[in-house]
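S.K.:
Numbering (the UniProt record's numbering), first residue to last: 1 to 167.
1) Counting only the same chain and skipping the five closest in sequence on each side, list residues whose C-beta sits under 6 Å from that of residue 136.
2) From residue 121 to residue 13, what does the alpha carbon distance come to, in whole angstroms?
3) Note down the Cα distance separating residue 104 from residue 123, rounded to an integer number of angstroms.
4) Output the residue ranges of the alpha helix (DSSP H) runs that lie fully inside the region 41 to 121 and measure 4 residues or longer, sorted by chain position.
5) Can you give the Cα-Cα distance for residue 2 and residue 138, rounded to whole angstroms?
6) Can residue 60 and residue 36 be called in contact, C-beta distance under 8 Å?
7) Would you mind reading off the limits of the alpha helix (DSSP H) that contains residue 27?
8) Residues in the same chain with beta-carbon distance under 6 Å from residue 58, minus the five sequence neighbours each way, listed in chain order, please.
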């Protein structure tokens, strides 16, 4: 039986309704990659009001939400290696419906002599112009052995700013 979201009216549960899953403490102390955010960056984010859309999209969170994708948007995330000094991660992703996703680079490598942080660029492009409704996907960095680091994607596509979804 499908999972129902709590609240009124009742509805089928979606990704915003699900929990994070079961925590595995052994894997939590050895995540492989982390998304560091300085407290000053959070302060800038909370104080940002008008004209800050790019800043809000690029806050280095371990998830990506684009609340109004019209055509395309480009954003960045930076991962820091907290696992073995020599590690290579390959990207696997599930693109949200009606949206094309490209990520550069698709392989990130760390060595003892290189930086422990790497930045990757994500580009979202609408494939089909539709109004409203979130569509979901995910990006996963995998070292193909121990670590699998997933960040969820939530994209809301729009045709015009003045059209509102009242559902």
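Glycine included, every Cβ here is placed at the ideal spot set by N, Cα and C. Here the structure is a predicted model, which is why all the values come from computation and not from measurement.
M.R.: Taking the geometry as given:
1) Mapped onto the chain shown, residue 136 falls at position 136. Hits under 6 Å: 15, 96, 154.
2) Here residue 121 is taken as the residue at index 121 of the chain shown, counted from 1. Here residue 13 is taken as the residue at index 13 of the chain shown, counted from 1. Residue 121 and residue 13 have their C-alpha atoms roughly 31 Å apart.
3) In the chain shown, the residue the question calls residue 104 occupies position 104. In the chain shown, the residue the question calls residue 123 occupies position 123. If you draw a straight line from the Cα of residue 104 to the Cα of residue 123, it comes to about 9 Å.
4) Given a length threshold of 4 residues, each whole run of the alpha helix (DSSP H) inside the region 41 to 121 is given here in chain order: 53 to 57.
5) Here residue 2 refers to the residue found at position 2 of the chain shown. Here residue 138 refers to the residue found at position 138 of the chain shown. Here the alpha carbon of residue 2 sits roughly 21 Å from the alpha carbon of residue 138.
6) Position 60 of the chain shown, counting from 1, holds the residue named residue 60. Position 36 of the chain shown, counting from 1, holds the residue named residue 36. In contact: residue 60 and residue 36 (Cβ atoms closer than 8 Å).
7) The residue labelled residue 27 in the question sits at position 27 within the chain shown. 25 to 28 is the span of the alpha helix (DSSP H), which, as asked, contains residue 27.
8) Locating residue 58 in the chain shown gives position 58, counting from the first residue. Hits under 6 Å: 75, 76.
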